[in-house]
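Worksheet: the structure to be examined is printed underneath.
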Amino acid sequence: APVRALRVAHAEPLLPSELTTRTLRLKGGEGKPGKPVPDPKHVIAMATVCGSILVLNEFDLLSVVLRVGLTFFLAIIFLLSGLNKTTDSFHRPTHLFLASMFPDICRKVWRPIVEKCLTFLCHAACRVFQGLETYCGKADGGSYQLATDVASWMTPSSMMQTIGQVEIWCGMLMLISLAGTGSRGYRVPLAELSNVVLIFVMAAAVYTHIVLRDGHFLAPAVLGALLVVRLACPVPRPKKKSKKSKSKSSKNLSV
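Residue numbers (the numbering used here): 109 to 363.
Here it is as structure tokens:
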């Protein structure tokens with residue numbers, strides 16, 4: 109103890125053996141060099157997860173459980189996200205945080221993109237139809253007044269409301285699909301369409317946050333990856349009828 113106190117007082121570096129002991133203790137070991145012992149809770153958790161995966165795969169239920177679980181989880185997430193975008197009565201701090209982000213999202217990213225696309229369309233239409241130049245309001249610099257006016261209609265509040273409504277409807281359709289054949293892992297057309305729409309929305313969100321460099325691209329990237337996994341999950345195979353059931357059905361028809 110006195111030697112250890114002197115070391116701390118003079119701020120001497122630790123010996124290699126002490127560093128190894130502390131490293132092993134941080135990793136869950138007993139402090140003995142060369143004999144790290146993992147935490148029993150981690151071992152039990154990993155064994156439970158691996159065993160569940162093996163059992164579900166053995167009974168051909170892994171894709172069904174994964175697909176149904178992702179459908180429920182993603183539907184709830186997008187329902188909550190859409191509610192926070194459309195109203196402040198659900199969770200006001202989240203609504204205000206999202207509302208503070210959308211001015212930059214609208215004015216710095218998507219309004220210029222929409223204006224460029226409309227300018228290109230007006231330019232292509234005016235080259236085909238010469239009389240449209242006055243209607244589109246062609247200026248000397250190659251811009252078009254029509255494209256500027258239409259792009260100005262895109263406001264942060266309207267953009268936030270539109271995205272929120274899309275997320276709410278897609279989440280509801282995915283959640284409703286679980287009431288029918290979707291609960292058994294089969295594909296429901298409206299739920300699959302909602303999945304594709306949300307993938308595009310998340311890809312646009314990732315692009316937006318990368319352009320703004322605000323560091324918020326990780327959440328939409330993870331949700332987009334989960335949507336892709338859900339869409340790629342295989343559908344369970346339909347059960348084949350046995351020969352006995354076929355013979356019974358043919359006998360019943362003959363009778």
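All C-beta atoms in this analysis are idealised placements derived from N, C-alpha and C, irrespective of residue type, glycine included.
DSSP three-state assignment for residue 294, whether helix, strand or coil | In the three-state reduction of the DSSP assignment, residue 294 falls in the coil class, being assigned neither a helical nor a strand state.
Specify, as a first and last residue, the run of the alpha helix (DSSP H) that residue 285 falls within.
-> 264 to 285
Which whole-angstrom value is the C-beta distance of residue 294 and residue 343, which I expect to be below 8 Å?
-> About 6 Å separates the beta carbon of residue 294 from that of residue 343, a gap short enough to meet the 8 Å contact definition.
With 16 other Cβ atoms within 10 Å as the buried cut-off, status of residue 296 | buried
Of the residues 253, 191, 212, the one placed nearest residue 202, counting alpha carbons only | 191
Extent of the continuous alpha helix (DSSP H) to which residue 249 belongs | Here residue 249 belongs to no alpha helix (DSSP H), and DSSP marks it neither H nor E.
Assuming residue 339 and residue 303 make a contact with CB atoms under 8 Å, what is their CB distance in whole Å?
-> With a beta-carbon spacing of about 5 Å, residue 339 and residue 303 fall inside the 8 Å limit used to define contacts.
If you measure from the CB of residue 277, is any heavy atom of the ligand FAD nearer than 8 Å?
-> Absent from the structure shown: the ligand FAD. Ligands present: none.
What is the rounded straight-line gap between the Cα of residue 216 and the Cα of residue 170?
-> 44 Å
Going by C-alpha distance, which of 292, 322, 332 is nearest residue 308?
-> 332
Please go through the stretch 181 to 239 and give each complete alpha helix (DSSP H) segment of 4 or more residues, from N-terminal end onward.
-> 200 to 212, 219 to 236
What residue from 301, 288, 266, 261 has the CA that sits closest to residue 210's CA?
-> 266
Would you say the stretch 178 to 198 touches the stretch 273 to 285, given that touching needs at least three Cβ pairs under 8 Å?
-> yes
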